[in-house]
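Report on one structure; see the data block that follows.
Residue numbers (the numbering used here): 999 to 1236.
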């Protein structure tokens, strides 16, 4: 049984379809990439999976249960956005925010925050002002803030789009480590084909709101079955 399954998702804005009959299955513990050009529907799909947007039609199954769009599942899903938003306070308080909202004891919060900061390579940054950090460091704080809640599903929207190659490589290693340590299922979007190939177990290519190909990363890149995907990978599709 698939961990995440969507069937026939459709979502429109101002009579323009952002998602057009999208169906996907994602397995537990895998790194799954949604790749495509800007405006293809990647962010909208992630926002639907994060329960931040409700589709106009279609079905969404999470861990074997049909999603009914209530708040109970939100504790199992977190999302990291392309541009990280930092609260005007310390790194520690930024990362601890969700734990405090959920009523975790103080000592448990301190341990969890220390553990995730070590995971994302920010040990010793607890008392720094989050807004004073570099772009790459802010994105790592955002990731720490998401995974400290121990989500079953972590969604990442173009997590390295605004970062240099060095910081992008750091984020990619963190993603791999999250899966190794926590067995979290990760779905990320990107227009960067090299990143998709390096990081994902499987990929889906979305084009103009439609998923045109899904498969094992190596197979899709070496022998794409869809002509649109072939052109996207070869750089012929703009």
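All residues carry an ideal CB built from backbone N, CA and C; glycine is no exception.
Locate the beta strand (DSSP E) running through residue 1155, then write down its first and last residues. Your numbering for residue 1155 matches position 157 in the chain shown. Counting along the chain, residue 1155 sits inside the beta strand (DSSP E) bounded by residues 1151-1155.
3 or more residues per run - each beta strand (DSSP E) lying fully within the region 1001-1040: Listed in chain order, the complete beta strand (DSSP E) runs (minimum 3 residues) inside the region 1001-1040 are 1002-1011, 1014-1024, 1029-1033.
Which two residues bound the contiguous alpha helix (DSSP H) that contains residue 1232? The sequence position of residue 1232 within the chain shown is 234, counting from 1. Taken as a continuous stretch (DSSP letters only), the alpha helix (DSSP H) holding residue 1232 covers 1225-1232.
Under the assumption that residue 1194 contacts residue 1227 (Cβ atoms under 8 Å), give the Cβ distance between them as a whole number of angstroms. What you label residue 1194 is simply residue 196 of the chain shown in a count that begins at 1. What you label residue 1227 is simply residue 229 of the chain shown in a count that begins at 1. Contact annotation, residue 1194 with residue 1227: C-beta distance approximately 12 Å; criterion of less than 8 Å not satisfied.
Quick one, which of 1163, 1148, 1144, 1164 has its alpha-carbon nearest residue 1155's? Walking along the chain shown from the start, residue 1155 turns up at place 157. The option with the nearest alpha carbon to residue 1155 is 1144.
From the DSSP output, in three-state form, read off residue 1059 for me. Counting from one through the chain shown, the residue named residue 1059 turns up at place 61. Three-state result, residue 1059: strand.
Pick out whichever of 1198, 1046, 1112 has its Cα sitting closest to the Cα of residue 1171. Taking the first residue of the chain shown as 1, we reach residue 1171 at position 173. It is 1198 whose Cα lies nearest to the Cα of residue 1171.
CB-CB under 7 Å to residue 1141, same chain, minus the five flanking residues each way: which ones, in chain order? Position 143 of the chain shown, counting from 1, holds the residue named residue 1141. So the qualifying residues of the chain are 1078, 1118, 1172.
Same chain, Cβ closer than 8 Å to residue 1074, neighbours up to 5 away in sequence not counted: Position 76 of the chain shown, counted from the start, is the residue given in the question as residue 1074. Closer than 8 Å at the Cβ level, and outside the excluded window around residue 1074, lie 1060, 1061, 1149, 1150, 1151.
What residues are listed by DSSP as bridge partners for residue 1099? In the chain shown, counting from the first residue as 1, residue 1099 sits at position 101. Note: residue 1099 sits in no beta bridge, so no partner.
Extent of the continuous beta strand (DSSP E) to which residue 1132 belongs: Your numbering for residue 1132 matches position 134 in the chain shown. For residue 1132, there is no enclosing beta strand (DSSP E), as DSSP marks it with neither H nor E.
Quick check on DSSP: helix, strand or coil for residue 1181? Here residue 1181 refers to the residue found at position 183 when the chain shown is read from its first residue. Residue 1181 falls in the coil class under three-state DSSP.
Limits of the beta strand (DSSP E) - the one that residue 1076 falls within: Reading the chain shown from its first residue, position 78 is the one you call residue 1076. 1075-1078 is the span of the beta strand (DSSP E), which, as asked, contains residue 1076.
At the level of alpha carbons, what is the spacing between residue 1178 and residue 1028? Sequence index remark: in the chain shown, residue 1178 carries index 180 (1-based). Sequence index remark: in the chain shown, residue 1028 carries index 30 (1-based). Roughly 10 Å separates the two Cα atoms.
Taking DSSP's pairing of strands, which residues face residue 1215 in a bridge? On the chain shown, position 217 is the one that residue 1215 refers to. Answer by DSSP bridge pairing: none, since residue 1215 is not bridged.
Going by beta-carbon coordinates alone, are residue 1125 and residue 1085 separated by less than 8 Å? Reading the chain shown from its first residue, position 127 is the one you call residue 1125. Reading the chain shown from its first residue, position 87 is the one you call residue 1085. No; because the gap between Cβ atoms is not below 8 Å, this pair is not in contact.
Residue 1051 - DSSP class collapsed to helix/strand/coil: To locate residue 1051, count along the chain shown from 1; it is residue 53. Correct three-state label for residue 1051: coil.
Can you tell me whether DSSP reads residue 1107 as helix, strand or coil? Reading the chain shown from its first residue, position 109 is the one you call residue 1107. In the three-state scheme derived from DSSP, where H, G and I count as helix and E and B as strand, residue 1107 is classed as helix.
How is residue 1159 classed by DSSP in three states: helix, strand or coil? Indexing the chain shown from 1 puts residue 1159 at position 161. When DSSP states are grouped into helix, strand and coil, residue 1159 belongs to the coil group.
Reducing DSSP to helix, strand and coil, say where residue 1042 ends up. Position 44 of the chain shown holds residue 1042. Reduced to three states, the DSSP call for residue 1042 is helix.
Around the C-beta of residue 1053, are 16 or more other C-beta atoms found within 10 angstroms, so that it is buried, or is it exposed? Residue 1053 sits at position 55 when you count from the first residue of the chain shown. That one is buried.
State whether the region 1093-1111 contacts the region 1155-1166, with contact taken as three or more CB pairs (one from each stretch) at a distance under 8 Å. At 8 Å Cβ cutoff, the stretches do not touch.
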